[in-house]
Ligand SMILES: NC(=O)c1ccc[n+]([C@@H]2O[C@H](COP(=O)([O-])OP(=O)(O)OC[C@H]3O[C@@H](n4cnc5c(N)ncnc54)[C@H](O)[C@@H]3O)[C@@H](O)[C@H]2O)c1
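Here is the structure:
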């Protein structure tokens, strides 16, 4: 497994859990040291347990380069594909991994199946990975080695479950034998719970991943758009609207939670890459561009609501509950909290932050510009306004009474709609929630 981020490491330990011998390769030595001690390098439910078990049994080990004997049946490329300045993806790590795999199979007589799991734009497997593998190994694709595109759909925060129980498996390639080998591997791995397998071309497989994430992001942006209309409509509530449309089977209820916008390690970079790729084909994907633009505006919605409640934010103590881009992760990549906190600081506010898992990662972004609360209650103490940015379960346990006792001024902006508006308003909280229209008779 090349690359031990959320995708590579979780996939590796899940494979190792069920009878496979897995070697994880990553140049990040700090990460490797942690893994060797069976410490999860990032927060992910169940990961620690799986690491401890697989390392203790010798089913999973790690190395910092592929000079370890690569007599493997499968070599996965699960390295990062970050955004470049212009929005396209940086394929350097994918290329480096392909070089390492190619070189490591040069002397081998064994057939090697290479699988691209990283999210890559259409054409990457065929025009980058394949020629690099052929050049470095001295072998021809389809003979000395096979190549498949196998995009990953797991969700951080639910990654172990998703790796063990995916809802579909997409395998792209041009070599029927390679596709069949990979399909058989998954059938053996998943047994009776094997989901539908989609066999297709490299390019369709690569595009499926982008189409999937763009759709989900657009769905969230869509309900946020409806939320903005609801906020201007007396007595309307986007939660009821989401429920009403979510029960339509053609729509479905997931990804209809209105909020402060989407962030994270995938949606922003994948949508940018898809727009960029599409434009390189002389087609402007207007719908996707609109989702990106409306999401940028949505991230600032809490600032507008805070100003509406408090007037100027200069010198105001603003409590931020939640920093990670979503609950059950410590991942801060492109989290909504980042532009939000920066805007609050620009407005002259004093910002105090708390997150159950992401405090350490947050320091890299905010350094000494904010106060880091020791716990949830410390965050609320003497605050003039509280903004819920990430819907951690812990935050749902705070009662209106607790807000009233702790805060200097009980202004609560529920950026993820986790509280019951009526209960909070009745208790005397100055509550505003995304997508909640004004009360009127
Ligand atoms: N994070 C997610 O939820 C998610 C979900 C689905 C798909 N993806 C995609 O999967 C890929 C991996 O995502 P991630 O979040 O795990 O990435 P990440 O950036 O968190 O981790 C990637 C790892 O690869 C390592 N690496 C870099 N070059 C390497 C090389 N030549 N050999 C071996 N390791 C190398 C890095 O040191 C790092 O530890 C990306 O393309 C991403 O878009 C991510």
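In my numbering, the protein residues as written are 1093 to 1533. Ideal Cβ placement from N, Cα and C applies to all residues, glycine included. Model, not experiment: these values are computed from the prediction.
Taken atom to atom, the span from the alpha-carbon of residue 1369 to that of residue 1245 is near 20 Å.
Within 10 angstroms of the beta-carbon of residue 1288 lie fewer than 16 other beta-carbons, which makes it exposed. Under the Cβ criterion (8 Å, minimum of three pairs), the region 1489-1508 does not count as touching the region 1445-1461.
Residue nearest to residue 1351 within the set 1304, 1322, 1357 is 1322 (criterion: CA-CA distance). Contact between the region 1295-1307 and the region 1348-1366 is present: three or more C-beta pairs spanning the two stretches fall below 8 Å. Counting C-beta pairs with one atom in each stretch, the region 1225-1242 and the region 1119-1129 have fewer than three that are closer than 8 Å, which means they do not touch. Relative to residue 1467, the option among 1413, 1324, 1481 whose CA is nearest is 1413.
Residue burial annotation: residue 1515 is exposed, with fewer than 16 other C-beta atoms found within 10 angstroms of its C-beta. Of the residues assessed, residue 1372 falls on the exposed side of the cut-off, its CB having fewer than 16 other CB atoms within 10 angstroms. Taken in chain order, the whole alpha helix (DSSP H) runs of length 4 or more contained in the region 1139-1195 are 1139-1148. With a cutoff of 7 Å on beta-carbon distance, residue 1430 and residue 1457 are scored as near each other. The region 1242-1261 makes no contact with the region 1213-1226; the number of CB pairs closer than 8 Å stays below 3. Spatial neighbours of residue 1355 in its own chain (CB-CB distance under 7 Å, excluding positions within 5 residues in sequence) are listed in chain order as 1417, 1426, 1427, 1428.
DSSP, reduced to helix, strand and coil, places residue 1099 within a helical segment of the structure shown.
The residues 1422, 1424, in chain order, have a CB closer than 7 Å to that of residue 1453 in the same chain once the five nearest residues on each side in sequence are set aside. The three-state reading of DSSP puts residue 1242 in coil, since its state is none of H, G, I, E or B. Counted as a single uninterrupted DSSP element, the beta strand (DSSP E) harbouring residue 1289 occupies residues 1289-1292. Residue 1213 sits in coil when the DSSP states are folded into three classes, being neither helix nor strand.
Scanning 1174, 1526, 1275, 1433 for the CA closest to the CA of residue 1185 turns up 1174. Beta-carbon to beta-carbon, residue 1114 and residue 1107 are separated by about 5 Å, close enough to satisfy the 8 Å threshold. Distances taken from the Cβ of residue 1221 to the heavy atoms of ligand 1 include none shorter than 6 Å. Relative to ligand 1, even the nearest heavy atom lies 6 Å or more away from the CB of residue 1431. DSSP places residue 1382 in the uninterrupted alpha helix (DSSP H) bounded by 1378-1390.
Fully contained in the region 1419-1460 are the following beta strand (DSSP E) runs of length 3 or more, in chain order: 1442-1446. Shown here for residue 1136: same chain residues with a beta carbon closer than 6 Å to its own, the five before and five after excluded, namely 1251 in chain order. Relative to ligand 1, the beta carbon of residue 1103 is positioned no closer than 6 Å to any heavy atom. Scanning its chain for C-beta atoms nearer than 8 Å, with the 5 sequence neighbours on each side dropped, one finds around residue 1183 the residues 1173, 1212, 1216, 1220, in chain order. For ligand 1, no non-hydrogen atom lies closer than 6 Å to the CB of residue 1250.
Under DSSP, the beta-bridge partners assigned to residue 1116 are 1154.
Under the 10 Å beta carbon count, residue 1482 is surrounded by 16 or more other beta carbons and is classified as buried.
Just measuring C-alpha positions, the residue of 1133, 1110, 1277 sitting nearest residue 1096 is 1133. Relative to ligand 1, residue 1094 has its C-beta within less than 6 Å of a heavy atom. Boundaries for residue 1369: no beta strand (DSSP E) harbours it, while the alpha helix (DSSP H) harbouring it runs 1359-1372, taken from the DSSP string. Here residue 1210 is buried: its Cβ has 16 or more other Cβ atoms, across all protein chains shown, within 10 Å. No Cβ-Cβ contact shorter than 7 Å links residue 1339 with residue 1524.
When the alpha-carbon of residue 1391 is set against those of 1403, 1154, 1435, the nearest one is in 1435.
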